[in-house]
Amino acid sequence: MALKKASNKYPGIFINEYKNGNVAYYINYRNEDGIPTLKKVGMKTKQSNYTIMDAYDRLIEVKHKIATGEELPKVVQRKAKVLFEDIFEDYLNWAKANKKTWKHNDLLVYNKHLSYLAKSDPRTLKPKDFEELKQRKLTETDKKTGRVLAPKTVQHILATARHIFNHAIKNELIKNLTNPIGSGRVRMPKVENQKIGFFTKEKAQELLELLQQRENQRLYELTTLLLFTGARFSEVARLTWSDINFNTNLIYFASSKDGNARYIKMSNRVLEVVNTLYKNKINNLVIPTINGNKYEKMPKEWQIEVDKLIPGNDNANKDRLTTHSLRHTHASWLAQSGVDILHIKEQLGHKKIETTMRYSHLIDNRRHQATERLNF
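Position 277 of the sequence shown, counting from 1, maps to 277 under UniProt numbering, and the rest follow consecutively.
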């Protein structure tokens, strides 16, 4: 019998999971003689929806009877009230063990946008509550930026709430809980196709020269790798030396949730930076922080330098050039040089061709120019 703890939230509850999907619940306590006792109290099957809360209620009843010699009166029997903050805490514990971005995504979104629900009973939350949240976030002005949130950001907030509910349902934290945001109950904000901002070759060169003058070369090195490989920041940040092949001058980017695996040829400029990094390496990461850790995001000094270089490139500009613009720039340059859409898809590691099609108009412009040159 392979017993394991059911949840840190409910001490004293153990489960045994069977291959057929059934789950046996056990309570662990000391009996009247102080002897540790493990007792089976329920079984979840296709016919029985026994939950962790039922087991926890039973444990409380048993402990009360041992302590007082009396049955717990029905009117005061504890049906543990689980709040939204409780199911988020359980979800966050899972996220810490399974998601690298839990701090910047889940915890930040909860603290900033969902914490007002902390003391709510999840069973009482309805789709209209999240419709109201959606409308509020799409119309209210952010105190820091002076702007309303982008639809894509509001999508992310609602998706986080949906994940929290799904986790609670999957792990039976609350009996008979339904997801008020699931199954299309709340319509996600429509995200319009945004104009793609990218650096001109002149501005990119100016930026590289500016960053190269800094005493610490990390911003220059990061920018060079991002601009000339077209990789995502997270992909560059997690590169290790086993991903670099100096014989073939190829960089291997492993597959991830967002992108396909691929090999990228190192240009002379990239190779020069990689060689320098290799000579000064301090661990297995190709481009670690000064303390040897993995970068989670581009240092804020980079955006300051870009904003100084390009007038009007600030929070008020919806087409603001950011770290991710380096990836767009790489793709745009490929399209403008005549590289076909399938090769751009492979270079960027896009999983869907639809994502790459945003650059198709640049290819069309190039094709039209070539056609015009045929006139005589």
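In this text, a Cβ means the ideal position worked out from N, Cα and C, and glycines have one as well.
* Asked: Where does residue 5 fall in DSSP's three states?
  -> In this structure, residue 5 counts as strand in the three-state DSSP scheme.
* Asked: Around the C-beta of residue 77, are 16 or more other C-beta atoms found within 10 angstroms, so that it is buried, or is it exposed?
  -> Model confidence at residue 77 stands at a pLDDT of 45, short of 50, so the residue's coordinates are unreliable; what they give is reported in the following sentence. Under this definition residue 77 is an exposed residue.
* With residue 169 and residue 177 assumed to form a contact (beta carbons below 8 Å), what rounded beta-carbon distance in angstroms separates them? -> That belief holds up - the Cβ atoms of residue 169 and residue 177 are roughly 5 Å apart, short of 8 Å.
* To do: Round the Cβ separation of residue 37 and residue 22 to the nearest angstrom and send it over; I've been treating them as touching at under 8 Å.
  => That pair is no contact at about 23 Å.
* Could you tell me which of 226, 257, 325 and 289 sits nearest to residue 100, measuring between CA atoms? => Considering only alpha carbons, the answer is 257.
* Three-state secondary structure assigned by DSSP to residue 75 -> Low local confidence applies: a pLDDT of 41 at residue 75 is under 50, so the model's placement there is unreliable, with the coordinate-based value given in what follows. DSSP places residue 75 in helix when its eight states are reduced to three.
* **Residue closest to residue 339, alpha-carbon to alpha-carbon, out of 359, 352, 43 and 174** => Distances from the alpha-carbon of residue 339 to those of 359, 352, 43 and 174 put 359 closest.
* **Top-ranked residue by Cα proximity to residue 262, from 281, 60 and 343** => Residue 262 has its Cα closest to that of 343, out of 281, 60 and 343.
* **Backbone secondary structure at residue 62 - three-state DSSP** => DSSP, read as helix, strand or coil, puts residue 62 in helix.
* Asked: Is DSSP giving residue 95 helix, strand or coil here?
  -> When secondary structure is reduced to three states using DSSP, residue 95 falls in the helix class.
* CB of residue 25 within 9 Å of CB of residue 52, strictly -> Cβ distance < 9 Å, so residue 25 and residue 52 count as in contact.
* Asked: Tell me which same chain residues have a C-beta within less than 6 Å of the C-beta of residue 83, skipping the five on either side of it?
  -> Residues of the same chain with a CB within less than 6 Å of the CB of residue 83, apart from the 5 flanking positions on each side, are 119 in chain order.
* Asked: Hey, how far is the Cα of residue 55 from the Cα of residue 146?
  -> C-alpha of residue 55 to C-alpha of residue 146: approximately 49 Å in a straight line.
* **residue 347, buried or exposed, once every other Cβ within 10 Å from all chains shown has been counted against 16** => Its Cβ being crowded by 16 or more others within 10 Å, residue 347 is buried.
* To do: Compare the C-alpha of residue 351 against each of 255, 11, 329 and 233 and name the closest.
  => For the set 255, 11, 329 and 233, the Cα lying nearest the Cα of residue 351 is the one of 255.
* Mind reading off the beta-carbon distance from residue 319 to residue 197? Whole number of angstroms is fine, and I expect it under 8 Å. => About 4 Å separates the beta carbons of residue 319 and residue 197, which is inside the 8 Å limit, making them a contact pair.
* Asked: Who does residue 185 pair with in a DSSP beta bridge?
  -> As far as DSSP is concerned, residue 185 takes part in no beta bridge.
* Return the residue from the list 17, 121, 278 and 125 that minimises the CA-CA distance to residue 43. => Cα-wise, what sits closest to residue 43 is 17.
* DSSP on residue 254, reduced to helix/strand/coil? -> Assignment of residue 254 by DSSP, reduced to helix, strand and coil, places it in the coil class.
* **Reduced DSSP secondary structure (H/G/I, E/B, other) of residue 108** => In the structure shown, residue 108 sits in a helix (DSSP, three-state: H, G or I).
* So residue 14 is in the beta strand (DSSP E); what residue range does that whole segment cover? -> Run containing residue 14: 13 to 17, per the beta strand (DSSP E) assignment.
* Asked: What are the residues that DSSP puts in a beta bridge with residue 25?
  -> According to DSSP, which records beta bridges pairwise, residue 25 is partnered with 15 and 42.
* Alpha carbon to alpha carbon, how far is residue 233 from residue 32? -> Each residue's CA atom was taken as its position, placing residue 233 and residue 32 some 59 Å apart.
* Asked: Does the beta-carbon distance from residue 225 to residue 217 come in below 9 Å?
  -> Between residue 225 and residue 217, the C-beta gap is not smaller than 9 Å, which leaves the two residues out of contact.
* Compute the Euclidean distance between the alpha carbons of residue 308 and residue 171, then round it to the nearest angstrom. => Roughly 50 Å between the two C-alpha positions.
* In terms of DSSP beta bridges, what is residue 36 paired with? -> Paired residues: 30.
* To do: Please name the residue in 126, 148, 185 and 295 whose C-alpha comes closest to that of residue 136.
  => For the set 126, 148, 185 and 295, the Cα lying nearest the Cα of residue 136 is the one of 148.
* Close beta carbons around residue 383, own chain, < 8 Å, minus the five adjacent residues each side -> The structure shown does not extend to residue 383, since the chain spans only 1 to 376, so no value can be given for it.
* By how many angstroms is the C-alpha of residue 68 removed from the C-alpha of residue 106? -> Per the coordinates, the alpha-carbon of residue 106 lies some 43 Å from the alpha-carbon of residue 68.
* To do: Find the nearest neighbour of residue 182 within the set 288, 125 and 209, judged by alpha-carbon distance.
  => The closest CA to that of residue 182, considering only 288, 125 and 209, is found on 125.
* From the DSSP output, in three-state form, read off residue 321 for me. => Correct three-state label for residue 321: coil.
* Start and end residues, alpha helix (DSSP H) containing residue 174 -> For residue 174, no alpha helix (DSSP H) segment is defined, and its DSSP state is neither H nor E.
* Indicate the three-state DSSP secondary structure (helix, strand or coil) for residue 357 in the structure shown. => In the three-state DSSP reduction, residue 357 falls in the helix class (H, G or I).
* Backbone CA spacing between residue 239 and residue 323 [nearest angstrom] -> Each residue's Cα considered, the two are about 17 Å apart.
* Flag this pair as yes or no: are the beta carbons of residue 165 and residue 151 separated by less than 9 Å? => No, the pair does not count as a contact, with Cβ atoms beyond the cut-off.
* To do: Using three-state DSSP, classify residue 281 as helix, strand or coil.
  => Note: residue 281 maps to coil in three-state DSSP.
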